[in-house]
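Here's the structure we're looking at; comments come further down.
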Amino acid sequence: MNLGTKHDVSSEDVYSDPGSPMLRRTPDGTYVIAKFKKEDKQATYLLLNGNGATPEGNIPFLDLFDIDTGEKERIWHSDKEKYYL
2 MNLGTKHDVS
12 SEDVYSDPGS
22 PMLRRTPDGT
32 YVIAKFKKED
42 KQATYLLLNG
52 NGATPEGNIP
62 FLDLFDIDTG
72 EKERIWHSDK
82 EKYYL
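Quick note: the sequence shown uses the working numbering, first residue 2, plus one each step.
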């Protein structure tokens, strides 16, 4: 599967970081991008996690990314007053 270029951002631009795909460990000990499907949908999803850099500080996040449409949904982010990982 070739996902092509989904995000084209500068490595210097931390505020626009779309997040990184979460990995899972295979039985033979290698790591691969974790893909999954929702029970009620046919689409394939990835989980993207990131630091969520803002001028006020980092607000870590977790996004659900539909690899078919490119749509993202923020499913979690840290509280601005408390830093959770």
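In this text, a Cβ means the ideal position worked out from N, Cα and C, and glycines have one as well.
- Under the DSSP assignment, ASN52 falls outside any beta strand (DSSP E); it carries neither an H nor an E label.
- By the neighbour-count criterion, in which 16 or more other beta carbons inside 10 Å mark a residue as buried, TYR46 falls on the buried side.
- For SER79, the three-state secondary structure derived from DSSP is coil.
- If you draw a straight line from the Cα of ASP67 to the Cα of ASN50, it is about 14 Å long.
- Residue environment: ASP41 is assigned as exposed (fewer than 16 neighbouring CB atoms within 10 Å of its CB, all protein chains considered).
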